[in-house]
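Quick note: to get my numbering, add 63 to the position in the sequence shown (first position is 1). For glycine and all other residues, C-beta sits at the position ideal for the given N, C-alpha and C. Bear in mind the structure is a predicted one, so any value in this text is a computation, not a measurement.
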Amino acid sequence: MKIIGLTGGIGSGKSTLMKCFKSKGFPCFESDKIGIELMDGELKQEIIDNFGSQLFATGNLDRNQLSELVFNNEIALGKLNKIVHPAVGNAFRKFKDENKKATLIIKESAILFETGTFKNCDFVILICAAKKNRILRVMNRDELSRKAVLKRMENQWDDKKKRPLADFIIENTTLEVAKDQLESILNKLLE
């Protein structure tokens, strides 16, 4: 079993390319999605204790309100990371155990390098895309302002810092080009 880290900045196309792995039957662990599920579930009380019950006024986590809070406050972001990252790590260990027979397991995470968890991967694929394209994608996808997207980007490493740490790089200029590059990488990983 090989653990393949799939990373890239917000809006780079990770989720879209991860669907390619899923369509081929490879188990995919979506760190961000799992983190949100955990905050809405087993971590809910810890989130309330640290950030207030107003985040759950509707019953479910108000992600926009939490984002506004943590992306404008380094201390709050650090506190959130200390709550969520260990729980996501535990969830990944369980996921790995449940998929022991898989040839490849894909671990998607926007902050794979920033958290140091890339060290636990056999190979890392970095997806890069033009910043202006990423901003537009996220603004459209998440209905955020340009300022809000840029604030989130500030909390992620620049691609220049990530490139030397990656084993493979996909230049996501168009979806077709990115899928072709992914197919080529996949062939190398399965050799």
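Based on the DSSP secondary-structure assignment, which residues constitute the bridge partners of valine 187?
Gly68
Put phenylalanine 92 into one of helix, strand or coil per three-state DSSP.
strand
So lysine 170 is in the beta strand (DSSP E); what residue range does that whole segment cover?
167 to 171
Continuous alpha helix (DSSP H) assignments of at least 4 residues falling wholly in the region 215 to 250
222 to 225
Restricting to Cα atoms, I'd like to know which of Lys107, Leu167, Val147 is closest to lysine 85.
Leu167
Does the beta carbon of isoleucine 233 come closer than 8 Å to any beta carbon on chain C?
No chain C appears in the structure shown, which is made up of a single protein chain.
Extent of the continuous alpha helix (DSSP H) run through lysine 85:
Its alpha helix (DSSP H) spans residues 77 to 86.
Glutamate 254 (DSSP reduced to helix, strand or coil)
coil
Apply the 10 Å Cβ neighbour rule to asparagine 235 and answer buried if 16 or more other Cβ atoms are within range, or exposed otherwise.
buried
Where does lysine 164 fall in DSSP's three states?
Reduced to three states, the DSSP call for lysine 164 is coil.
So what does DSSP say about threonine 178, is it helix, strand or coil?
helix
Between the region 123 to 131 and the region 150 to 161, are three or more C-beta pairs nearer than 8 Å?
no
CA nearest to the CA of asparagine 113, picked from Lys82, Phe134, Lys145, Pro90:
Lys145
Proximal residues to glutamine 261 (C-beta, below 8 Å), its chain only, five neighbours per side dropped
Nothing in the structure corresponds to residue 261, since the chain is present only between 64 and 254.
Using beta-carbon positions only, say whether isoleucine 198 and phenylalanine 89 come within less than 8 Å of one another.
no
Find the nearest neighbour of asparagine 171 within the set Val147, Ser116, Cys184, Leu228, judged by alpha-carbon distance.
Note that residue 171 is glutamate in the sequence shown, not asparagine. Of the candidates Val147, Ser116, Cys184, Leu228, the one whose C-alpha sits nearest the C-alpha of glutamate 171 is Cys184.
Hey, lysine 65 and phenylalanine 186 are a contact pair by Cβ (cut 8 Å); roughly how many whole angstroms apart?
The pair is a contact, with the Cβ atoms about 7 Å apart (cut-off 8 Å).
Look at the alpha carbon of glycine 98 and the alpha carbon of lysine 182, and state the distance between them as a whole number of angstroms.
20 Å
Measuring alpha carbon to alpha carbon, tell me which of Gly122, Asp95, Lys195 ends up nearest histidine 148.
Asp95
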